[in-house]
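Peer 1:
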Amino acid sequence: SPRAIVSPSVLASNFAQLGDEIRRMMKCGAEWVHMDVMDGHFVPNITMGAPVLASVNKDVKDVFMDCHMMVSDPEKWVKPVAEAGGKSYTFHIEALADPSKAPELVDLIHSHGMRAAVAISPHTPSSAISTSLGQKVDMLLVMTVVPGAGGQKFMRECVPKVSELRERFPEKDIQVDGGVGPGTIGCCARAGSNVIVAGTALFGASDPKSVIDDFKKQVDE
Ligand code: DX5
Ligand code: ZN
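Residue numbering for the sequence shown follows the UniProt record's numbering, beginning at 5 and increasing consecutively.
So, in structure tokens, the structure goes:
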């Protein structure tokens, strides 16, 4: 599988000191930072939007913003997020009224200079990602909690979808997100995920560097 990448979810950070929190994780070896954008419609909560991304991009040198768009109109935010400095743009397949339009959305994301990724929520089977869509995106995100909040319990029943997608798309980045920590990284890594999102397990850790090192070690094993 591709190389290990750790993407701390800022949802578990102190939003009043976002720049400092992100720098802290980057110093501990995090390659990316996972920005959870929620619109109060696709999911009940509201978190942040393009203005916050733009401020972070200005404030944190060399930040790679991995934007997880939990929004109902993913096409609507491609341009604002790209202009705010987003580097990767993940949309949910469930957000599209017509999933056959997903390849067009991937083209739009790419035309704005970002990596494109597609996410599946726990209730969505891996078969919702067609072969052509999987080949077109840069990354597949398998949610291991119902999107909407940090700090939830890892849903082990989602892990087989990681194995299925790893088998179908051996070269792609596969991300896991939700309840991932020292106790759950093992099964994610063995199933073939290489991009690890963690909020609570990193921002709540007394020694986040050791947790990040362990994540990478388990992915690379
Ligand atoms: C859930 C978000 C996740 C979440 C991860 O809706 O997409 O990124 O913040 O946080 P933890 O690791 O605390 O489950
Ligand atoms: Zn997320």
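Virtual Cβ for every residue (Gly too), placed ideally from N, Cα, C. These figures come from a predicted structure and were not determined experimentally.
(1) Please tell me whether V37 and I26 are closer than 7 Å, where the distance is taken between their beta carbons.
(2) Residues in its own chain within less than 7 Å of V184 by CB, not counting five upstream and five downstream?
(3) Kindly indicate which three-state DSSP category D218 falls into: helix, strand or coil?
(4) Check each candidate in P212, H96 and H127 and name the one with the smallest Cα separation from G33.
(5) Which two residues bound the contiguous beta strand (DSSP E) that contains D111?
(6) Just the C-alpha distance for P48 and S131, rounded to the nearest angstrom, thanks.
(7) Are the Cβ atoms of V122 and I97 separated by less than 7 Å?
(8) Counting only runs that start and end within the region 67 to 141, where is the beta strand (DSSP E) found for 3 or more residues in a row?
(9) Measure the alpha-carbon distance for M30 versus S13 and round it to whole angstroms.
(10) Sorry if obvious, but does the Cβ on V15 come closer than 6 Å to a heavy atom of the ligand DX5?
(11) Among K105, F95, D77 and P55, which residue has its Cα nearest to the Cα of P84?
(12) Kindly indicate the opening and closing residues of the alpha helix (DSSP H) around M29.
(13) From what residue to what residue does the alpha helix (DSSP H) around P55 run?
(14) Can you list the residues near the ligand ZN, meaning Cβ strictly closer than 5 Å to any non-hydrogen atom, in the order they appear in the chain?
(15) Grab me the residues of G117's own chain with a C-beta within less than 8 Å of its C-beta, minus the 5 sequence neighbours each way, in chain order.
Peer 2: Walking through what the data contain:
(1) yes
(2) T148, F158, C192, I200, V201, A202 and A205
(3) helix
(4) P212
(5) Run containing D111: none in the beta strand (DSSP E); it sits in the alpha helix (DSSP H), A106 to S115.
(6) 26 Å
(7) The Cβ atoms of V122 and I97 sit closer than 7 Å to each other.
(8) Within the region 67 to 141, the complete beta strand (DSSP E) runs of at least 3 residues are 69 to 74, 92 to 96 and 119 to 124.
(9) 12 Å
(10) The question names Val, yet the displayed sequence has Leu at residue 15. Because some heavy atom of the ligand DX5 lies under 6 Å away, the Cβ of L15 counts as near it: yes.
(11) P55
(12) L22 to K31
(13) A54 to D63
(14) D40, H72 and D181
(15) A86
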